[in-house]
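Trainee: First, the structure itself, so that you have it in front of you.
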Amino acid sequence: MSEISQITEKIKKFRDERDWMQFHDPKNMAVSIILEASELLEHFQWKTTEEVEKYARQNHAEIKDEIADIALYLFELADNLRINLIDAMEQKLKKNEMKYPVEKAKGKHTKYNKL
Numbered sequence: 042m043s044e045i046s047q048i049t050e051k052i053k054k055f056r057d058e059r060d061w062m063q064f065h066d067p068k069n070m071a072v073s074i075i076l077e078a079s080e081l082l083e084h085f086q087w088k089t090t091e092e093v094e095k096y097a098r099q100n101h102a103e104i105k106d107e108i109a110d111i112a113l114y115l116f117e118l119a120d121n122l123r124i125n126l127i128d129a130m131e132q133k134l135k136k137n138e139m140k141y142p143v144e145k146a147k148g149k150h151t152k153y154n155k156l
């Protein structure tokens, strides 16, 4: 069993022991991902690059928790929708390789349709 499968099973066990599946429809899961991502972003709001680097070192545990919250919801949402997350990411990377060929995109932050 892969590590993703193992953690997904732990997530489902945690959820099911609390009878929370009734609240974990795709809309609510997507909302929860955004809310947790916003909590992550709040750690960096209004800070300069230098301040962010220092803050991230000093608040590593809190930032790690926010990233974990996002991942927990994402893994469960993918499982609930029967999406193999590894396959989905690999397919998306292939699409991105086509949209952002190295020879056009290297060192640029330009969107693919403007390259």
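In this note's numbering, the protein residues as written are 42 to 156. Every residue gets a Cβ at the ideal spot worked out from N, C-alpha and C, and that includes glycine.
Using only the alpha-carbon positions, how far apart do Phe-64 and Val-143 sit?
Mentor: Roughly 43 Å between the two C-alpha positions.
Trainee: Do Tyr-96 and Lys-88 count as a contact pair if the criterion is CB distance below 7 Å?
Mentor: Cβ atoms of Lys-88 and Tyr-96: closer than 7 Å.
Trainee: From the DSSP output, in three-state form, read off Pro-67 for me.
Mentor: Three-state result, Pro-67: helix.
Trainee: Where does Thr-151 land, buried or exposed, given buried means 16+ other C-beta within 10 angstroms?
Mentor: Looking at its Cβ environment, which holds fewer than 16 other Cβ atoms inside 10 Å, Thr-151 is exposed.
Trainee: Along the alpha helix (DSSP H) that carries His-101, what are the first and last residues, could you check?
Mentor: Residues 101–121.
Trainee: Would you identify the three-state DSSP class for Phe-55, choosing helix, strand or coil?
Mentor: DSSP places Phe-55 in helix when its eight states are reduced to three.
Trainee: So what's Ser-43 in DSSP terms, helix, strand or just coil?
Mentor: In this structure, Ser-43 counts as coil in the three-state DSSP scheme.
Trainee: Here's a check: name, in chain order, each residue in its chain whose Cβ is nearer than 6 Å to the Cβ of Ala-78, leaving out the five neighbours to either side.
Mentor: Once the five neighbours on either side are set aside, the close Cβ partners of Ala-78 are Ile-111.
Trainee: Just the C-alpha distance for Glu-94 and Asp-128, rounded to the nearest angstrom, thanks.
Mentor: Those two C-alpha atoms are separated by around 33 Å.
Trainee: How would you label Ser-43, buried or exposed, when you count the other beta carbons within 10 angstroms and need 16 or more for buried?
Mentor: Counting Cβ neighbours within 10 Å, Ser-43 comes out exposed, since fewer than 16 surround it.
Trainee: Looking at the secondary structure, which residues open and close the alpha helix (DSSP H) in which Met-139 lies?
Mentor: Here the alpha helix (DSSP H) through Met-139 covers 126–140.
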